[in-house]
Amino acid sequence: MQVIMSSSLHSLPWSAQTLVSNFNSPLELKQAHAHLIKTNTPLSLIPPSRIASVCALSHLDFSYAHRLLAHFHQRQIVVWNSCLKTLAESDSPFDAILLFRRLREFDVVPDSFTCAFVLKACTALLDDKNGKIIHGVVEKFGFQWNMVLQNMILNFYGLCGEMSTARLVFDKMPQRDVVSWNVMITHLVKSGDFEGAYGFFSRMPERNVRSWTMMISACVHCGKPKEGVQLFMEMEKIGVQVNEVTVVAVLSACADLGALELGMRIHEYSKRSGFGGNVRVLNTLIDMYVKCGCLEEARRVFEEMEERTIVSWSAMIQGLAIHGHAQEALRVFSMMIEMGVMPNGVTFIGLLHACSHMGLVNEGRRFFSCMTRDYEIIPEIEHYGCMVDLYSRAGLLQEAHEFIMNMPIKPNGVVWGALLGGCKVHKNIELAEEATRHLAQLDPLNDGYYIVLSNIYAEAERWENASRVRKLMKNRGVKKKPGCSSITVDGVIHEFVAGDDSHSQANEISDMWEKLLDYMKLRGYKPDTSVVLLDVEEKEKEKFLYGHSEKLALCFGLINTPPGSVIRIMKNLRVCEDCHAAFKLISAIVNREIVVRDRNRFHCFKDGACSCQDFW
DNA sequence: TTAGGGTTAG
Numbered sequence: 001m002q003v004i005m006s007s008s009l010h011s012l013p014w015s016a017q018t019l020v021s022n023f024n025s026p027l028e029l030k031q032a033h034a035h036l037i038k039t040n041t042p043l044s045l046i047p048p049s050r051i052a053s054v055c056a057l058s059h060l061d062f063s064y065a066h067r068l069l070a071h072f073h074q075r076q077i078v079v080w081n082s083c084l085k086t087l088a089e090s091d092s093p094f095d096a097i098l099l100f101r102r103l104r105e106f107d108v109v110p111d112s113f114t115c116a117f118v119l120k121a122c123t124a125l126l127d128d129k130n131g132k133i134i135h136g137v138v139e140k141f142g143f144q145w146n147m148v149l150q151n152m153i154l155n156f157y158g159l160c161g162e163m164s165t166a167r168l169v170f171d172k173m174p175q176r177d178v179v180s181w182n183v184m185i186t187h188l189v190k191s192g193d194f195e196g197a198y199g200f201f202s203r204m205p206e207r208n209v210r211s212w213t214m215m216i217s218a219c220v221h222c223g224k225p226k227e228g229v230q231l232f233m234e235m236e237k238i239g240v241q242v243n244e245v246t247v248v249a250v251l252s253a254c255a256d257l258g259a260l261e262l263g264m265r266i267h268e269y270s271k272r273s274g275f276g277g278n279v280r281v282l283n284t285l286i287d288m289y290v291k292c293g294c295l296e297e298a299r300r301v302f303e304e305m306e307e308r309t310i311v312s313w314s315a316m317i318q319g320l321a322i323h324g325h326a327q328e329a330l331r332v333f334s335m336m337i338e339m340g341v342m343p344n345g346v347t348f349i350g351l352l353h354a355c356s357h358m359g360l361v362n363e364g365r366r367f368f369s370c371m372t373r374d375y376e377i378i379p380e381i382e383h384y385g386c387m388v389d390l391y392s393r394a395g396l397l398q399e400a401h402e403f404i405m406n407m408p409i410k411p412n413g414v415v416w417g418a419l420l421g422g423c424k425v426h427k428n429i430e431l432a433e434e435a436t437r438h439l440a441q442l443d444p445l446n447d448g449y450y451i452v453l454s455n456i457y458a459e460a461e462r463w464e465n466a467s468r469v470r471k472l473m474k475n476r477g478v479k480k481k482p483g484c485s486s487i488t489v490d491g492v493i494h495e496f497v498a499g500d501d502s503h504s505q506a507n508e509i510s511d512m513w514e515k516l517l518d519y520m521k522l523r524g525y526k527p528d529t530s531v532v533l534l535d536v537e538e539k540e541k542e543k544f545l546y547g548h549s550e551k552l553a554l555c556f557g558l559i560n561t562p563p564g565s566v567i568r569i570m571k572n573l574r575v576c577e578d579c580h581a582a583f584k585l586i587s588a589i590v591n592r593e594i595v596v597r598d599r600n601r602f603h604c605f606k607d608g609a610c611s612c613q614d615f616w
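First residue of the first sequence? That's 1 in full-length UniProt numbering, and the numbers climb one at a time after it.
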């Protein structure tokens, strides 16, 4: 027998070294194998992990690999694991599961890595059955002290939607780390259990920046932006280092709340912290400034961006739309197309919004047809909603109705609601009744629709019908959401509900209103009592009208802010016609800019006019 | 070998 000259790879000739350590295909592997046999060199010179991954990726017969690997002194499981890892991370994770079966046929004892890789494959495939088998293996071999593995199991059950099993595993874990808690929180939020997630968050023995960020964004998604901001403040107080994802989450909360001051502070902070150039941060900033009524700032951020994504363009177009700058929104769209950026469905929602807020019916129609023809975007329910809104606002109620009837998808509450809105403006009782019949089925608990119908009846002085709608609401347990407006002065948010006289400055507010009223009447103001639904005396109606929350907030703002500064008010419902007319006059009387964000859009009152040009 | 969060629409 030929004496083995050397067992070191480096002692092989260079060509053999390359052959043995750099093979990339089964053929090259077999060549290396043959070469080693021929030169009587130990097979163990071949890097085993390479055998494993080549065999795995080329679907080479594993028994060949196994025979080959039998020459190695090291524990074979390492090599199996290398195979499993390659397959679990490849685009055919199912092969990892098949290989795991082979491993058991060969009676190879798995270790914790084996379980981890196979579990990874099961997670990618959401393979409930095999995942449970691995879970069993983990328990059988006593790997429950392996935190990584345990966390993977938690995540696996969470992804499969088996929260109760995840909970059982979590409760049984002999120890837990911050990842275990974060995994539970993630899946509780995803399953819609915000309270449960918050409970876990509160009980965590330690938190990292992910825990905080995740919870803040969960708050925003669950409609609790105020709580999100509170968490952020707490996080800052404790001194947790914030990252760009946290910034995005809290900026979204600011956008929802209209919390401009905090938003601006975070903008400064992100510049200082070096992630002021992050596209996603900048996109969120555009949205925040738009929703806080600072279109100028939003424009500046947009213009200064070095790199823009479709989200940046869409956010800017939508921002211009809700601020009533339809023509500019269309120009931005043209610019985007010229630069070769492909629009998406959301871009068209912004464009259709721009058209419907300014009555550009033809342009809207054109966009609706070109989105499919030129860009292959299939309209979704939101696009149909925008079109119905466009026709309805413009007074083309029959066209809107026909459009709904010809829709290829089932109209939802938003679609019928848009028609109802148009019926109110253009006083069409018949179609309003039809829309309400559909809405009663689709969205029976939404107070807004009942109110609008009752309003339409009241305007037509059909008081019995109006009161019938009221009774219906009562019978169905639907309560009218009270109008509520807020204004921030020196960092403090002041909230006013309609008819509110509980504020410490209530008397001053009332005096201010009386004073304004005198000036307004000199300019021809007549209270529009038609917006008051109740069948009461005219004087009584005026009293209700004068107590509207946005009027209270405005008077408070005029008393407590320096002359010349912009007054920003947020309202939870739409601004009524009377407040709209009053605010136009007041903006001229006090020579102030008044920005009102209602539930649909912005109104910027200046010099006696509104940016919506009374089309809303 | 483990978890994650973000923008546009409504």
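Ideal placement from N, C-alpha and C gives every residue a C-beta, glycine not left out.
### Query
For the beta strand (DSSP E) that S486 lies in, which residues bound it at each end?
484-489
### Task
May I ask you to list the residues that DSSP assigns as paired with M570?
Beta-bridge partners assigned by DSSP to M570: S486, R597.
### Query
Residues in its own chain within less than 7 angstroms of I451 by CB, not counting five upstream and five downstream?
K480
### Task
State the start and end residues of the unbroken alpha helix (DSSP H) segment that holds I317.
310-322
### Query
Out of curiosity, what's the CA-to-CA distance linking N344 and K571?
30 angstroms
### Three-way DSSP call (helix, strand, coil) for E577 in this model
helix
### Message
I'd like to confirm the pairing. Which residues does DSSP put opposite K291 in its beta bridges?
### Response
In the DSSP output, where bridge partners are listed per residue, K291 has none listed.
### Query
Which residues in the same chain as V332 place their Cβ atom closer than 8 angstroms to its Cβ, once the five residues preceding and following it in sequence are excluded?
If we look at V332 and ignore the five residues flanking it on each side, its Cβ neighbours are W313, M316, I317, L320.
### Query
Mind checking whether A124 and A166 have CB atoms under 9 angstroms apart?
no
### Query
Where DSSP assigns a beta bridge to A609, which residues make up the other side?
Checking the DSSP bridge columns, you'll see A609 partnered with K606.
#### Entry: C-alpha gap between V3 and N40, whole angstroms
With a pLDDT of 37 at V3, under the threshold of 50, the predicted position of this residue should be treated as unreliable, though the coordinate-derived value follows. Between V3 and N40, the C-alpha separation is close to 8 angstroms.
### Task
Could you have a look at H494 and say whether DSSP puts it in helix, strand or coil?
strand
#### Entry: Cβ-based neighbour list, A553, same chain, cut-off 6 angstroms, excluding 5 preceding and 5 following
S485, I487, F496, I569
### Task
Return yes when the Cβ of A96 is within less than 9 angstroms of the Cβ of V118, no when it is not.
yes
### Message
By the DSSP assignment, the alpha helix (DSSP H) with D91 in it spans what residues?
### Response
Unbroken run through D91: none, as it is neither H nor E.
### Task
From the DSSP output, in three-state form, read off T39 for me.
coil
### Query
Looking at G228 and M215, is the spacing between their C-beta atoms short of 9 angstroms?
yes
### Task
Please go through the segment 231-263 and give each complete alpha helix (DSSP H) segment of 4 or more residues, from N-terminal end onward.
244-257
### Query
Of all the alpha helix (DSSP H) runs that stay within the bounds of the segment 431-486, which reach a length of 4 or more residues?
447-459, 463-475
### Message
If you reduce the DSSP assignment to three classes, tell me which class M5 lands in.
### Response
Note that M5 scores 42 on pLDDT, short of 50, meaning its location in the model is unreliable and no value can be drawn from it.
#### Entry: Run of the alpha helix (DSSP H) containing F156, from where it starts to where it stops
147-159
### Neighbour-count burial assignment, L126, 16 or more Cβ in a 10 Å radius
exposed
### Query
The alpha helix (DSSP H) spanning V189 covers which residue range?
For V189, the enclosing alpha helix (DSSP H) starts and ends at 178-190.
### Message
Could you give the first and the last residue of the continuous alpha helix (DSSP H) run that contains D518?
### Response
506-522
### Query
If you check the beta carbons only, do E376 and K427 fall under 9 angstroms apart?
no
### Query
Residue range of the alpha helix (DSSP H) that I349 falls in?
345-358
### Task
Could you tell me whether the Cβ atoms of S252 and S211 are closer together than 9 angstroms?
With respect to the 9 angstroms criterion, S252 and S211 are not classified as neighbours on the basis of their beta carbons.
### Query
Does the pairing of the segment 584-591 with the segment 526-544 give three or more beta-carbon distances under 8 angstroms?
no
### Task
For V346, collect the residues of the same chain with a Cβ closer than 6 angstroms to its Cβ; drop the 5 residues on either side in sequence, then sort them by chain order.
S314
### Query
If you draw a straight line from the alpha carbon of P93 to that of C115, how long is it in whole angstroms?
14 angstroms
### S270 in three-state terms, based on DSSP
helix
### Message
At the level of alpha carbons, what is the spacing between V566 and I594?
### Response
6 angstroms
#### Entry: Alpha-carbon to alpha-carbon, D607 and L352
Approximately 28 angstroms between the Cα atoms of the pair.
### Message
For T86, count the other beta carbons within 10 Å of its own beta carbon; 16 or more makes it buried, fewer makes it exposed. Which is it?
### Response
Note on T86: 16 or more other CB atoms within 10 angstroms of its CB, so buried under the neighbour-count rule.
### Message
Excluding the 5 residues flanking L103 on each side, which residues of the same chain have their C-beta closer than 6 angstroms to its C-beta?
### Response
So the list reads W80, once near-sequence residues are dropped.
### Minimum C-alpha distance to L188 - residue among P174, C219, D177, N208
Taking the Cα of L188 as reference, the smallest distance to any Cα among P174, C219, D177, N208 is reached at C219.
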